[in-house]
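I have placed the structure first, in the form of structure tokens, so that the comments after it can refer back to it.
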Amino acid sequence: MAGHSKWANIQHRKGRQDEKRGKIWTRCIREIMVAARQGGGDLSANPRLRLAVDKAKAANMPADTVKRNIDKATGNLEGVSYEEIRYEGYGIGGAAVIVDTMTDNRVRTVAEVRHAFSKYGGNMGTEGSVAFQFKHCGQIVLAPGADEDKVMEVALEAGADDVVTDEDGAIEVLTAPAAFETVKNALEAAGFTPELAEVTMRAENTVELTGDDAERMQKLLDVLEDLDDVQNVYHNGAL
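As numbered in UniProt numbering, residues 1 to 239 make up the sequence shown, in order.
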């Protein structure tokens with residue numbers, strides 16, 4: 001099954017993450033704290049926490065920092081309490097945008113997100129206005145050049161829902177959220193190293209954007225991602 005190219009978007013995001021290492025740590029800490037508070041501090045019994053800790057390790061966060069924030073979230077140390085809030089809206093050309101935040105100040109966060117949308121050409125929507133255009137799923141992306149037949153064999157045997165080859169040769173493995181970890185582990189055991197592996201909101205369709213529209217959309221996404229309380233930004237713009 002062929003899909004739209006995501007490679008440029010992934011490389012852009014990885015480059016920005018390298019530029020913003022401190023911001024990545026902040027996001028990892030918030031995700032660890034929320035995951036631990038909701039599901040407990042036992043990694044073996046909390047898949048969301050395991051994924052958060054894996055992301056923290058990938059960002060080179062020290063183990064004692066990880067443990068300290070798990071302890072804060074589970075009540076062993078005093079810490080800040082964060083709540084998760086999702087905002088939805090439209091970007092350039094009607095592209096759908098989802099903004100996931102973690103915040104200790106709901107009023108501040110909604111004001112900042114709304115301001116970013118309005119200043120950079122988007123429109124804030126109501127709850128549910130664009131979420132139906134996305135699927136909550138596990139997404140594992142392998143670089144162009146991976147053995148497609150072998151990836152498909154390993155992934156589907158491990159419980160993946162679909163394997164998609166993008167225009168540029170990158171391979172996407174899609175899973176149910178509950179099967180993500182099993183499929184990812186199976187691929188790694190078979191010798192494949194994912195360029196991207198996460199539980200995400202994947203766009204079911206794309207809005208093609210070119211020229212000035214693509215640049216304006218990227219600016220809006222960058223501004224949203226730079227907000228302190230924003231954890232993830234999802235969109236269906238093909239830039």
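C-beta: ideal position from N, C-alpha, C; glycine also.
These numbers come from a predicted model, not from an experiment.
As a beta-bridge residue in DSSP terms, A203 pairs with F134. Residue pairing for A186: DSSP places it in no beta bridge. V163 and T200 have their C-alpha atoms spaced approximately 16 angstroms apart. In the DSSP assignment, G89 falls within the unbroken beta strand (DSSP E) covering 83 to 90.
Following the DSSP letters along the chain, one finds L224 inside the alpha helix (DSSP H) bounded by residues 211 to 226.
Within the segment 94 to 178, the runs of beta strand (DSSP E) at least 3 residues long that lie entirely inside it are, in chain order, 96 to 103, 134 to 142, 162 to 166, 171 to 175.
The continuous alpha helix (DSSP H) containing V66 extends over residues 63 to 73. By the neighbour-count criterion, in which 16 or more other beta carbons inside 10 Å mark a residue as buried, H235 falls on the buried side. Within its own chain, the residues whose Cβ lies closer than 7 angstroms to the Cβ of F192, once the five positions on either side in sequence are excluded, are L142, A146, V151, listed in chain order.
At least 8 angstroms separates the beta-carbon of D229 from that of T126. Only residues of its own chain outside the window of five on either side were considered, and among them A35, G39 have a CB closer than 7 angstroms to the CB of R48, listed in chain order.
Distance from Q218 to R27 at the Cβ level is roughly 20 angstroms; contact not present, criterion being Cβ atoms closer than 8 angstroms. In the three-state reduction of the DSSP assignment, A58 falls in the helix class, which pools H, G and I. Counted as a single uninterrupted DSSP element, the beta strand (DSSP E) harbouring V230 occupies residues 230 to 235. Residue burial is scored here from C-beta neighbours: E78 has fewer than 16 other C-beta atoms within 10 angstroms and is therefore classed as exposed. Remark: C-beta atoms of L227 and V113 approach each other more closely than 8 angstroms. In this structure, the beta-carbon distance from G138 to L174 falls below 8 angstroms.
Contact between I85 and I32 fails: their C-beta atoms lie close to 18 angstroms from each other, not under 8 angstroms. Comparing C-alpha distances from V130 to each of Y90, A155, D161 shows the shortest one belongs to Y90.
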